[in-house]
């Protein structure tokens with residue numbers, strides 16, 4: 004969502020990381036090598052996660068031995084869920100961006116965490132301590148580890164879009180034969196505190212006895228869950244609702260991405276119980292954990308081996324976790340309850356975060372690509388779409404019984420069936436009785452998880468403009484798709500720049516014109532296509548950013564900064580405007596003047612009507628009544644998406660605003676202002692179709708609505724010479740529909756096949772690969 008409060012969904016630098024060999028002891032460091040290898044070899048004889056005294060590390064790691072009395076888990080008290088009210092909606096919409104960045108002058112700089120003498124001393128001491136532990140505990144078993152009375156405490160630095168925003172501190176203390184973890188987790192996101200307290204009591208086998216989590220998991224997401232396990236059954240309280248259910252023998256308790264220490268205990272439980280392929284979770288869900296390799300972190304002169312794991316089922320999609328040689332969680336790359344980028348690292352590993360994020364992106368894209376390749380194998384053969392009615396979106400009449408021939412990923416010919424020669428070895432897509440359109444565009448995307456790739460293609464979206472992301476993540480995803488290493492649409496990237504202040508977001512901050520210019524050049528070097536302005540930028544900084552971007556032939560899109568209106572922002576250099584509420588204000592004041600200014604400057608607008616419709620719908624009106632795709636989303640997404648909306652009285656106060664927004668989009672379109680379709684996520688995949696349906700409500704013809712998701716965005720991004728219509732020489736991005744969108748725009752949802760990058764995709768396996776129903 005936007006500014007201030009995006010309900011539940013919409014929506015350091017310088018550590019060198021390299022791909023190491025998989026051989027144990029391959030760290031390229033001579034001093035202390037034998038001690039390190041001995042420690043590593045001994046530890047790897049037992050399962051991951053055996054908690055022993057060797058977990059004690061240097062103070063730099065925020066982790067040491069601690070002697071204290073065990074304490075009982077605190078009682079959890081239920082609290083009300085956080086809901087948006089009508090008055091907060093405007094502020095909420097204004098802050099729904101996901102910027103990413105860091106100080107441009109610190110790119111490539113190392114942040115040492117320990118001097119070499121102290122490092123060697125610590126390593127020697129650790130090796131000696133390990134020898135003593137192994138001598139005293141010859142049985143390297145999970146049961147022995149669970150009975151170990153060593154206390155553990157530690158800390159994680161918490162990040163959102165790469166910016167450090169808070170900390171988790173945890174303690175694990177003995178509790179009879181088992182243990183009790185207590186965690187205090189807190190961060191501040193755009194001025195809003197997000198506190199969370201957690202208690203997890205485990206038995207000697209690391210199985211849950213009692214779990215309680217209370218607080219907030221995002222700015223607008225409250226959580227109050229308690230699980231108590233006794234005699235093969237669990238009592239689960241979620242807010243005011245309590246249930247009692249039988250449970251399987253092997254089960255773990257956790258509720259979402261936070262806190263990281265509970266994810267660490269999940270990994271230890273999984274290892275102690277034989278690394279099963281799946282693991283039921285309480286209160287709901289099933290975790291799937293998979294080893295994915297090993298990475299070497301070069302940090303502050305040290306080489307640190309980290310084992311990488313993929314975890315699915317805790318959130319929608321996959322998380323990447325890294326554990327050190329003792330089984331402690333070292334780093335986590337995930338998303339939070341707003342589906343924004345979230346990361347956590349041990350404090351000493353913070354400099355490694357950018358590369359860890361890139362590794363997570365590459366690993367996730369590779370995993371999804373492997374599955375998609377089996378469903379849609381790559382081929383150098385031509386592709387012929389035959390017998391369909393071709394709507395090329397150029398404005399030409401529909402061509403009945405036509406053929407589109409694609410060679411090497413480009414349209415080679417478009418014509419009547421008898422006029423296009425189809426090679427005998429071509430892959431033929433029989434489109435008889437169907438309708439053929441260009442691939443769709445989403446001009447307001449936040450591709451924050453690799454699962455968005457298959458999802459977009461399943462929805463017929465073959466190009467997206469990402470308008471706010473983590474640089475390392477999205478650059479890796481873009482490059483993986485372009486190189487055929489991943490599955491997804493072509494990505495065009497807009498690099499976000501925000502200003503300073505309590506509501507600033509991400510690390511790409513510019514308080515002065517010079518800082519703004521440096522960020523433009525940083526994004527230019529990373530091959531971004533555009534610059535995105537966020538809400539805290541000062542007017543003089545906006546002017547400097549726009550001038551520098553225009554000098555390099557980059558356009559500037561984004562929010563209207565605080566203290567400015569849309570007219571002033573356009574005059575300062577903003578070429579495109581995200582979200583209709585900024586336009587509504589100036590249309591309300593003087594519509595003729597606003598339209599004249601937008602026409603003079605060629606301003607492009609992506610209004611995100613479908614998102615706003617979700618945010619202000621009355622809870623009494625099911626989302627499925629206007630967005631049928633909501634019933635097909637992955638189970639992990641159903642609750643947050645269905646939580647979007649307002650109480651009926653608040654929704655009624657917003658009803659006029661919804662009508663006004665749709666009417667303004669229609670008026671702008673009739674005046675010749677380019678309108679491009681974008682979603683800001685909303686209901687993943689489906690909301691683009693709802694967006695263009697709302698354009699028809701605003702007065703667009705079905706063809707014009709279709710053009711707003713094809714040729715209009717291609718023109719806005721200066722890509723109309725290579726995409727946006729079905730014409731010879733352009734990209735072979737094609738969607739085959741089971742219904743005529745010119746008769747009913749809702750037929751864009753009826754997708755039969757999607758073709759892009761020289762591959763033919765059946766949407767059903769793509770939907771299923773990310774947990775959606777076809």
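In this note's numbering, the protein residues as written are 4 to 777. All residues carry an ideal CB built from backbone N, CA and C; glycine is no exception. Keep in mind that this is a model prediction, so the values were computed, not measured.
Query: Quick one, which of 733, 606, 632 and 308 has its alpha-carbon nearest residue 328's?; Result: 308
Query: Consult DSSP for residue 720 and reduce its assignment to one of helix, strand or coil.; Result: coil
Query: Whole angstroms is fine: what's the gap from residue 716's alpha carbon to residue 444's?; Result: 7 Å
Query: Drop a sphere of 10 angstroms on the beta-carbon of residue 822, count the other beta-carbons inside from all chains shown, and report buried for 16 or more, exposed for fewer.; Result: Nothing can be reported for residue 822, as the shown portion of the chain is limited to 4 through 777.
Query: Near residue 269, what residues of its chain come up, given a Cβ to Cβ distance below 7 Å and the 5 sequence neighbours on each side ignored?; Result: 255, 257 and 290
Query: Am I right that residue 460 and residue 481 are in contact with their C-beta atoms under 8 Å? What's the rounded C-beta distance?; Result: Actually they are not in contact, since the Cβ atoms of residue 460 and residue 481 sit about 15 Å apart, beyond 8 Å.
Query: For residue 645, does the three-state DSSP call read helix, strand or coil?; Result: helix
Query: Examine chain B for any beta-carbon lying closer than 7 Å to the beta-carbon of residue 540, and answer yes or no.; Result: Checking the listed chains, one finds no chain B in this structure; it contains a single protein chain.
Query: Who are the Cβ neighbours of residue 175 in its own chain at under 6 Å, not counting the five residues just before and after it?; Result: 155, 182 and 184
Query: Note down the Cα distance separating residue 178 from residue 281, rounded to an integer number of angstroms.; Result: 28 Å
Query: Taking the straight line between their C-alpha atoms, what separation do you get for residue 163 and residue 190?; Result: 9 Å
Query: Pick out whichever of 569, 691, 240 and 386 has its Cα sitting closest to the Cα of residue 431.; Result: 386
Query: Applying the 10 Å Cβ sphere with the 16-neighbour rule, what's the burial state of residue 383?; Result: exposed
Query: Please report the straight-line C-alpha distance between residue 243 and residue 218, rounded to a whole angstrom.; Result: 15 Å
Query: Helix, strand or coil for residue 3 per DSSP?; Result: Limits of the chain in this structure are 4 at one end and 777 at the other, which puts residue 3 out of reach.
Query: When you compare the segment 541-550 with the segment 505-519, are there three or more beta-carbon pairs, one atom per stretch, that lie closer than 8 Å?; Result: yes
Query: Just the Cα atoms here: how many angstroms apart are residue 60 and residue 365?; Result: For residue 60, the pLDDT reaches just 32, beneath the cut-off of 50, and the residue's location in the model is therefore unreliable, leaving the point undetermined.
Query: From which residue to which residue does the alpha helix (DSSP H) around residue 750 run?; Result: Segment: none, residue 750 is in no alpha helix (DSSP H) and carries neither H nor E.
Query: If we ignore side chains and look at the alpha-carbon of each, how far apart do residue 694 and residue 647 end up?; Result: 17 Å
Query: Tell me which same chain residues have a C-beta within less than 7 Å of the C-beta of residue 725, skipping the five on either side of it?; Result: 733 and 734
Query: In the DSSP assignment, what are the bridge partners of residue 433?; Result: 389
Query: From the DSSP output, in three-state form, read off residue 630 for me.; Result: coil
Query: Considering only DSSP beta bridges, list what residue 172 is partnered with.; Result: 158 and 187
Query: In chain order, what residues of the same chain lie with their CB nearer than 7 Å to the CB of residue 72, ignoring the 5 residues before and after it?; Result: Summary for residue 72: the model assigns pLDDT 34, below 50, so the residue's position carries little reliability, and this model does not support an answer.
Query: Is the beta carbon of residue 463 closer than 7 Å to that of residue 434?; Result: no
Query: Could you tell me which of 566, 610 and 665 sits nearest to residue 580, measuring between CA atoms?; Result: 610
Query: In chain order, what residues of the same chain lie with their CB nearer than 6 Å to the CB of residue 121, ignoring the 5 residues before and after it?; Result: Note that residue 121 scores 37 on pLDDT, short of 50, meaning its location in the model is unreliable and no value can be drawn from it.
Query: Use the C-beta contact count for residue 627: other C-beta atoms within 10 angstroms, 16 or more gives buried, fewer gives exposed.; Result: exposed
Query: Three or more beta-carbon pairs under 8 Å between the segment 660-671 and the segment 594-601, yes or no?; Result: yes
Query: Is it buried or exposed, residue 589, if we count other Cβ atoms within 10 angstroms and call 16 or more buried?; Result: buried
Query: Taking a contact to mean a Cβ-Cβ separation below 7 Å, would you say residue 262 touches residue 351 in this structure?; Result: no
Query: DSSP three-state call for residue 322: helix, strand or coil?; Result: strand
Query: Check this for me: beta carbons of residue 509 and residue 166, under 7 Å apart or not?; Result: yes
Query: Taking all protein chains shown into account, decide if residue 528 is buried (16 or more other Cβ within 10 angstroms of its Cβ) or exposed.; Result: exposed
Query: For residue 419, collect the residues of the same chain with a Cβ closer than 8 Å to its Cβ; drop the 5 residues on either side in sequence, then sort them by chain order.; Result: 402, 404, 405 and 406
Query: At which residue ranges does the segment 297-342 contain complete beta strand (DSSP E) runs of 3 or more residues, listed in the order of the chain?; Result: 305-315, 321-326 and 332-338
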